[in-house]
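See structure below.
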Amino acid sequence: MNEFETNEQPRTETYVLNMGPQHPSTHGVLRVELELDGERVIKVRPIMGYLHRGIEKLMESRTYFQCSPYTDRLDYISSMNNNYGYCKAVEELCGIEPPPRANYIRAICAELNRLSSHMVYIGSLANDVGAVTGMLYTFRDREDILDIFDLLCGARQTCNYIRIGGVAQDIPAGFDEKVRKFLDRVPDFLKEYSDLLESNEIFQIRLKDVSVMTAQEAMDCGMTGPNLRATGVPFDVRKVDGYGAYPDFDFDVPTGEHGDNWDRYEVRYKEMFESAKIIRQALDGMPEGDYMAKVPKMLRPPKGEVFSRTEGTRGELGFYIVSDGTNKPYRVHIRRPSFVSMQGLNPMCRGGLIGDAIAAFASIDPLMGEVDC
Amino acid sequence: MKNYIDASLLDVLKGKFPTIEYDTEAKEPAVYVPADVLLAFMAFVKTNDKFLFDRLENVTAVDYKTYFEMVYHLFAWNQSPIDAEIERKNEYENMWLTVKVKIDNHDAPAVPSVTSVFPSAEYEEREVYDLMGITFTGHPDLRRILLADDFTGHPLRKDYKEIAPPYTPRVRREGGKIIYE
Amino acid sequence: METGIVMTVANLIRGILMLILGNEFIVSVIMKLIGIGAMIGVISFAAILFTYTERKVCAFIQVRLGPNRVGPRGLLQPIADMLKLMSKEDIIPYGVDRVVWALAPMVLFVPSALAYAFFPFDDGAIFADVNVGIFLLIAISSQSVLTFLMAGVASNSKYGMIGAMRAVATSLSYEAPMVFSLLGIVMITGSLRMSDIVAAQQNTVWFIVLQPIAFLIYLTTCFAETNRTPFDFVECESEIVAGAFTEYSGMRWALFFLAEYANLLSISVLTTTFFLGGWSGPILPGFVWFWLKTIFMLMIFLWIRWTFPRVRIDQMMSFGWKVLLPLALVNVLFTGVGIYINRFM
Chain H
1 MNEFETNEQP
11 RTETYVLNMG
21 PQHPSTHGVL
31 RVELELDGER
41 VIKVRPIMGY
51 LHRGIEKLME
61 SRTYFQCSPY
71 TDRLDYISSM
81 NNNYGYCKAV
91 EELCGIEPPP
101 RANYIRAICA
111 ELNRLSSHMV
121 YIGSLANDVG
131 AVTGMLYTFR
141 DREDILDIFD
151 LLCGARQTCN
161 YIRIGGVAQD
171 IPAGFDEKVR
181 KFLDRVPDFL
191 KEYSDLLESN
201 EIFQIRLKDV
211 SVMTAQEAMD
221 CGMTGPNLRA
231 TGVPFDVRKV
241 DGYGAYPDFD
251 FDVPTGEHGD
261 NWDRYEVRYK
271 EMFESAKIIR
281 QALDGMPEGD
291 YMAKVPKMLR
301 PPKGEVFSRT
311 EGTRGELGFY
321 IVSDGTNKPY
331 RVHIRRPSFV
341 SMQGLNPMCR
351 GGLIGDAIAA
361 FASIDPLMGE
371 VDC
Chain Y
1001 MKNYIDASLL
1011 DVLKGKFPTI
1021 EYDTEAKEPA
1031 VYVPADVLLA
1041 FMAFVKTNDK
1051 FLFDRLENVT
1061 AVDYKTYFEM
1071 VYHLFAWNQS
1081 PIDAEIERKN
1091 EYENMWLTVK
1101 VKIDNHDAPA
1111 VPSVTSVFPS
1121 AEYEEREVYD
1131 LMGITFTGHP
1141 DLRRILLADD
1151 FTGHPLRKDY
1161 KEIAPPYTPR
1171 VRREGGKIIY
1181 E
Chain R
2001 METGIVMTVA
2011 NLIRGILMLI
2021 LGNEFIVSVI
2031 MKLIGIGAMI
2041 GVISFAAILF
2051 TYTERKVCAF
2061 IQVRLGPNRV
2071 GPRGLLQPIA
2081 DMLKLMSKED
2091 IIPYGVDRVV
2101 WALAPMVLFV
2111 PSALAYAFFP
2121 FDDGAIFADV
2131 NVGIFLLIAI
2141 SSQSVLTFLM
2151 AGVASNSKYG
2161 MIGAMRAVAT
2171 SLSYEAPMVF
2181 SLLGIVMITG
2191 SLRMSDIVAA
2201 QQNTVWFIVL
2211 QPIAFLIYLT
2221 TCFAETNRTP
2231 FDFVECESEI
2241 VAGAFTEYSG
2251 MRWALFFLAE
2261 YANLLSISVL
2271 TTTFFLGGWS
2281 GPILPGFVWF
2291 WLKTIFMLMI
2301 FLWIRWTFPR
2311 VRIDQMMSFG
2321 WKVLLPLALV
2331 NVLFTGVGIY
2341 INRFM
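Protein chains in written order, with our numbering: chain H, 1 to 373; chain Y, 1001 to 1181; chain R, 2001 to 2345.
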């Protein structure tokens, strides 16, 4: 009898591929344990915490003003939105009402940052499906927004411009023209992105009908923001809560139909037009007046707690602050949208291929600074 | 702007769950739910068509030195896809509800996991377990999420003491001699 | 018999050598050695030049400047890269199959270089004008998949393993349509000899006119063959880091890199030869025409490489088997019918 002849049937088994923490497309330092059967994904287990800095703990030993720069470091490519979320929470806690001019400036900043964050999203999604050139184009145009921030507050990424009670300083001379000039360019470069990416057959087949989420699944995974809207649920905190100056503006909430990667991309793409619309309205209707409310130098909020949410670029950004009457928060909890959205990774990738997993991962747009907090 | 659940609905809850407590004077009272009826309470407010709190916005815990408090922020949205099925659209306003669970046992805090009612709480409960050390019974996958698996302690507790890094002697070279300090 | 510039030069050298040495056998051996030297020179020079070209073209497409620090307009960048790669530490990862692992980058270069023996650079300037030219060429160039398999399996890495398996899958599904797309040309020419193919195009029209479908199929399969986007599965950076080359560094990695550029050049040369009439063209000498067409093809390859996303592996496989292969077979059928009709006209 031949030594290789056995009665055993050939058997296959799954294997585990550790993707990350050093991997070209994990957007930072995420580790994903992929259980694979050949190329097919059976299970995805995201392992986080490589960027954990303990911001919630750090905030407990800082005054309310000192906490604000930490929020820049959460989601470091949309720091304005984080500042906004934090300042809004503290204002609700103390009962400070920011002046209307501050609200308008805040809306402009938040929407500009949303534009820049969605550009990074489109670029990194393109990069992850193999179109390296897409990333360079979006980063070229993002530079304009960063220049505007530079003009506004001297910082490009970690702005710390929105402060408790208003904004750090009034808008400088030349800001209005600069933003308007940028807004005129928005349709042009968005057209360019769609020419480069959307009209490409390969880009479409890579994203369409891949990683489909129903509305119920998305809600069960705690998804918010564009990821939820892609499934057809028009949940936008800017509309639902109508905070700040947003009730004054006329804008639509784009939604998707199928909840696949393509819809997640399309929703963000359309949102960029809406953001541009909001900025233009805010510039036109900019009220005169103070840019900062009267805020005491030593802020001691009354004893109590608040949960306040804003529409961050990645979904619903919530701040839960407990005050014990001193000048430092007793407890701060940050509801980070991309952290909660990571629950969707497993249902989205299951049954797909490695390439799909990468595309799905890019399409939910997590940012590790925010996930790990 | 922020519309809290009104007192009449709170009375309905009190009637259904007599053990819950809330401050009747406060404008936005947090509802203290005992741990043993938490799951029934959550399931009730999620599915009952008077409430329909289908969004669990936030899950966290606070350490009050002698006891812990689990905090759940629930939100009922009047255009939720679930509403469309029950045809209650636009009849009620958006509303908020804060649910709290007081955990008196500070040494070994435990609370039932709400993941069976709100699956979206999975990671947030893991985060609370990791950083606050509260055990969730019935959680599908209760492991540390942010810190390393072999980490000891729970940093967000108020009595957390930072562990000093292991002592490593400083080494200095001076004229061919190696000096340990 | 017409002769191009390259052949004239070769004949001149041969004449001089005959005057000096006087022995026919020794002179032909020396001539062969000169030919091999020239060929290796072309490969290495082209590979070095193409790294620069690709970076510049890619930078142009990506609204960047590209290398511009080393030398005038960054021309010396490839040399700086080479020095850097050569001076790097040779890291051998733990648990690799050392012999196979070390052999893979060297072996990879062999089929890439061997293919150059069959390229008609100019009229008569072909190193081995054998009568089974195309057949040998395809046989040799498909060997390169073996080295990917060697590199991937031997490197004891899951990324490498996936990359190797993908290389085999790509090769299996794209070799067949490639061969069938070339079959039409062979049918028209009636010969597998490379010089005959060019001559046939010189006498009639370029085969891109007679065989447009075959041209498109061949172009598509070329991307799979050279492992470039949209079919760069062997080293798709965003998915499996660098695939089969994940564990290689320094000079070993550079060899893979060089082989990739050598393959790119050989694919451009082959497209030129098969479909664009090779060295044939008016006024200018054949050698110049040959390089002009090759560079044109090369630019098309670069253009597609830097603007297309990557398809998924299953999409690539189904495209190869369900679209390209039937299309290539239909093309063969129509070519046959066309030849049959042409016989009676």
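All residues carry an ideal CB built from backbone N, CA and C; glycine is no exception.
Note that this is a predicted model, so its numbers are computed, not measured.
Handout entry: Three-way DSSP call (helix, strand, coil) for residue 964 of chain Y in this model
Key = In this structure chain Y extends from 1001 to 1181, so residue 964 of chain Y is not present and cannot be described.
Practice task
Report, in whole angstroms, the separation of the C-beta atoms of residue 1147 of chain Y and residue 52 of chain H, which I expect to be a contact under 8 Å.
Solution key: Sequence index remark: in the second sequence, residue 1147 of chain Y carries index 147 (1-based). Sequence index remark: in the first sequence, residue 52 of chain H carries index 52 (1-based). Contact holds; Cβ gap of about 7 Å.
Handout entry: C-beta atoms of residue 103 of chain H and residue 312 of chain H nearer than 8 Å
Key = Indexing the first sequence from 1 puts residue 103 of chain H at position 103. Indexing the first sequence from 1 puts residue 312 of chain H at position 312. The Cβ atoms of residue 103 of chain H and residue 312 of chain H lie no closer than 8 Å to each other.
Exercise for the section: Indicate the three-state DSSP secondary structure (helix, strand or coil) for residue 1112 of chain Y in the structure shown. Expected result: Within the second sequence, numbered from 1, the residue matching residue 1112 of chain Y stands at position 112. Three-state DSSP puts residue 1112 of chain Y in a strand.
Exercise for the section: Check whether the Cβ of residue 347 of chain H lies closer than 7 Å to any heavy atom of the ligand SAH, and answer yes or no. Expected result: The ligand SAH is not part of this structure, which contains no ligands at all.
Handout entry: Three CB pairs or more closer than 8 Å across the region 2250–2264 of chain R and the region 2197–2211 of chain R
Key = Not touching, per the Cβ criterion.
Exercise for the section: Leaving aside the five residues before and after residue 239 of chain H along the sequence, list all residues of the same chain whose C-beta is less than 7 Å from its C-beta, in chain order. Expected result: Against the first sequence, residue 239 of chain H aligns to sequence position 239. So the qualifying residues of the chain are 253.
Handout entry: Contacting residues, own chain, Cβ-Cβ under 6 Å from residue 451 of chain H (five flanking each side not counted)
Key = Because chain H here runs from 1 to 373, residue 451 of chain H falls outside it and cannot be looked at.
Exercise for the section: Leaving out five residues on either side along the sequence, give the residues of the same chain with a beta carbon under 8 Å from the beta carbon of residue 41 of chain H. Expected result: Sequence index remark: in the first sequence, residue 41 of chain H carries index 41 (1-based). Around residue 41 of chain H: 34, 35, 349, 350, 351, 352, 353, 354, 356 and 357.
Exercise for the section: Output the distance between the C-alpha atoms of residue 2309 of chain R and residue 2321 of chain R, rounded to the nearest integer angstrom. Expected result: Your numbering for residue 2309 of chain R matches position 309 in the third sequence. Your numbering for residue 2321 of chain R matches position 321 in the third sequence. When rounded, the distance between both Cα atoms is 21 Å.
Handout entry: First and last residue of the uninterrupted beta strand (DSSP E) at residue 333 of chain H
Key = In the first sequence, counting from the first residue as 1, residue 333 of chain H sits at position 333. Looking at the DSSP string, the run of the beta strand (DSSP E) that includes residue 333 of chain H is 329–335.
Exercise for the section: Run the CB neighbour count on residue 122 of chain H, radius 10 Å, all protein chains shown included, and call it buried at 16 or more, exposed below. Expected result: On the first sequence, position 122 is the one that residue 122 of chain H refers to. Residue environment analysis places residue 122 of chain H among the buried positions, since at least 16 neighbouring C-beta atoms fall within 10 angstroms of its C-beta.
Problem - Secondary structure of residue 223 of chain H, DSSP reduced to three states - result: As a working note, residue 223 of chain H is residue 223 in the first sequence. Coil, per DSSP.
Exercise for the section: Could you list which residues in chain C have their beta carbon closer than 7 Å to that of residue 339 of chain H, in chain order? Expected result: No chain C is present in this structure, whose protein chains are H, Y and R.
Exercise for the section: Using three-state DSSP, classify residue 76 of chain H as helix, strand or coil. Expected result: As a first step, residue 76 of chain H must be located in the first sequence, where it is residue number 76. Residue 76 of chain H falls in the coil class under three-state DSSP.
Exercise for the section: Identify whether residue 1007 of chain Y lies in helix, strand or coil by the three-state DSSP scheme. Expected result: Reading the second sequence from its first residue, position 7 is the one you call residue 1007 of chain Y. Residue 1007 of chain Y: helix per DSSP, three-state reduction.
Practice task
Give a yes or no on whether the minimum CB-CB distance between residue 71 of chain H and chain R is below 8 Å.
Solution key: Taking the first residue of the first sequence as position 1, residue 71 of chain H is located at position 71. Chain R contact via Cβ: absent.
Practice task
Mind checking who residue 2023 of chain R pairs with in its DSSP beta bridge?
Solution key: By 1-based counting over the third sequence, the position of residue 2023 of chain R is 23. None, per the DSSP bridge assignment.
Practice task
Could I get the ranges of all uninterrupted beta strand (DSSP E) runs contained in the region 24–70 of chain H, with 3 residues as the minimum, in chain order?
Solution key: 31–37 and 40–47
Practice task
Kindly say whether residue 333 of chain H, judged by its beta-carbon, lies nearer than 8 Å to any beta-carbon of chain Y.
Solution key: Against the first sequence, residue 333 of chain H aligns to sequence position 333. Yes, because at least one Cβ of chain Y sits closer than 8 Å to the Cβ of residue 333 of chain H.
Exercise for the section: Could you name each continuous alpha helix (DSSP H) segment of 4 residues or more that falls completely within the region 258–330 of chain H, going from the start of the chain to the end? Expected result: 261–284
Practice task
For the beta strand (DSSP E) containing residue 13 of chain H, list its first residue and its last residue.
Solution key: To locate residue 13 of chain H, count along the first sequence from 1; it is residue 13. Here residue 13 of chain H belongs to no beta strand (DSSP E), and DSSP marks it neither H nor E.
Exercise for the section: Kindly provide the ranges of any alpha helix (DSSP H) runs that are 4 or more residues long and lie completely inside the region 2259–2308 of chain R, ordered along the chain. Expected result: 2286–2307
Practice task
Give the single residue among H/26, H/140 and H/184 whose Cα lies nearest to the Cα of residue 128 of chain H.
Solution key: In the first sequence, residue 128 of chain H corresponds to position 128, counting from 1. Considering only alpha carbons, the answer is H/26.
Problem - Residues in the region 2303–2331 of chain R having any Cβ partner in chain H nearer than 7 Å - result: 2306, 2307, 2308, 2309, 2310, 2311, 2312, 2313, 2314 and 2315
Handout entry: Segment limits, beta strand (DSSP E) that includes residue 1072 of chain Y
Key = As a working note, residue 1072 of chain Y is residue 72 in the second sequence. Its beta strand (DSSP E) spans residues 1068–1076.
Exercise for the section: Between the Cα of residue 2335 of chain R and those of R/2317, R/2153 and R/2181, spot the shortest distance and give me the residue it belongs to. Expected result: As a working mapping, residue 2335 of chain R is identified with position 335 in the third sequence. With distances taken between Cα atoms, residue 2335 of chain R lies closest to R/2181.
Practice task
Check the C-beta distance from residue 91 of chain H over to residue 164 of chain H and give it rounded, since I have them as a contact under 8 Å.
Solution key: Counting from one through the first sequence, the residue named residue 91 of chain H turns up at place 91. Counting from one through the first sequence, the residue named residue 164 of chain H turns up at place 164. In this structure, residue 91 of chain H and residue 164 of chain H form a Cβ contact; the two beta carbons are roughly 6 Å apart against a cut-off of 8 Å.
Handout entry: Nearest-angstrom Cα separation, counted from residue 342 of chain H out to residue 2070 of chain R
Key = Locating residue 2070 of chain R in the third sequence gives position 70, where the first residue counts as 1. Locating residue 342 of chain H in the first sequence gives position 342, where the first residue counts as 1. One C-alpha to the other measures close to 44 Å.
Handout entry: residue 106 of chain H in three-state terms, based on DSSP
Key = Locating residue 106 of chain H in the first sequence gives position 106, counting from the first residue. DSSP places residue 106 of chain H in helix when its eight states are reduced to three.
Handout entry: Assigned exposure category for residue 2067 of chain R - 16 Cβ within 10 Å defines buried
Key = Residue numbering aside, residue 2067 of chain R sits at position 67 when the third sequence is read from its first letter. Counting Cβ neighbours within 10 Å, residue 2067 of chain R comes out buried, since at least 16 surround it.
Practice task
Please decide whether residue 31 of chain H counts as near chain R, where near means a Cβ-Cβ distance under 8 Å.
Solution key: Here residue 31 of chain H is taken as the residue at index 31 of the first sequence, counted from 1. For residue 31 of chain H, the answer is no, since every Cβ of chain R falls outside 8 Å of its Cβ.
Exercise for the section: Output yes if chain Y places a C-beta closer than 8 Å to the C-beta of residue 154 of chain H; else output no. Expected result: Residue mapping note: residue 154 of chain H aligns to position 154 of the first sequence, counting from 1. It does not; no Cβ of chain Y falls within 8 Å.
Problem - Start-end ranges of the alpha helix (DSSP H) lying completely within the region 2021–2071 of chain R, minimum 4 residues - result: 2024–2061
Handout entry: Spatial neighbours of residue 324 of chain H in its chain, beta-carbon cut-off 8 Å, leaving aside the 5 residues before and after
Key = Translated into positions along the first sequence, residue 324 of chain H becomes position 324. Scanning its chain for C-beta atoms nearer than 8 Å, with the 5 sequence neighbours on each side dropped, one finds around residue 324 of chain H the residues 303 and 330, in chain order.
Exercise for the section: Please name the residue or residues paired with residue 19 of chain H in a DSSP beta bridge. Expected result: Residue numbering aside, residue 19 of chain H sits at position 19 when the first sequence is read from its first letter. Residue pairing of residue 19 of chain H in beta bridges, as defined by DSSP: H/32.
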